[in-house]
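Visitor: One structure is given below, represented as structure tokens, and several questions about it will come after.
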Amino acid sequence: MIEKAAQTESPFLTPCKEKLEVIDSIQDHIGDQLSLLSLPGKEKNWQPTDFLPDLSKDGWEKEVEELR
């Protein structure tokens, strides 16, 4: 059964030698480019809790009801 599955495997799913050569040739360049990206730290990214009521403050029950 496994042998039959291997015989019917799509050629698009099996990387050919030329595709592997292209990937190998650009791998270092892509890695260098990705390392240059400056992603914002977690302090600058929004968090779901930024949009939720602060439960340590008075009146949070009303804010929760407004969300519902």
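With numbering that gives the first Met the number 0, you'll find the sequence shown wraps up at 67, consecutive numbering, no jumps.
Heads up, the beta-carbon is just placed ideally off N, CA and C, and yes, glycines get one too.
(1) Hey, out of D57, E62 and D23, whose CA is closest to L51's CA?
(2) Do you know offhand how far K43's Cα is from S37's?
(3) Cβ of E20 less than 8 Å from any chain D Cβ?
(4) I'd like the span of the alpha helix (DSSP H) that includes E42, first residue to last.
(5) Could you tell me the boundaries of the alpha helix (DSSP H) in which D31 lies?
Guide: Let me spell this out:
(1) Working through the sequence shown from its first residue, we reach residue 51 at position 52. If we check each option's Cα against that of L51, E62 comes out closest.
(2) Numbered from 1 along the sequence shown, position 44 holds the residue referred to as residue 43. Numbered from 1 along the sequence shown, position 38 holds the residue referred to as residue 37. Their Cα atoms are separated by approximately 12 Å.
(3) As a matter of chain content, chain D is missing from the structure shown, which is built from one protein chain.
(4) Translated into positions along the sequence shown, residue 42 becomes position 43. That residue, E42, is in no alpha helix (DSSP H); it is neither H nor E in DSSP.
(5) The sequence position of residue 31 within the sequence shown is 32, counting from 1. Where D31 is concerned, the enclosing alpha helix (DSSP H) stretches over K16 to L35.
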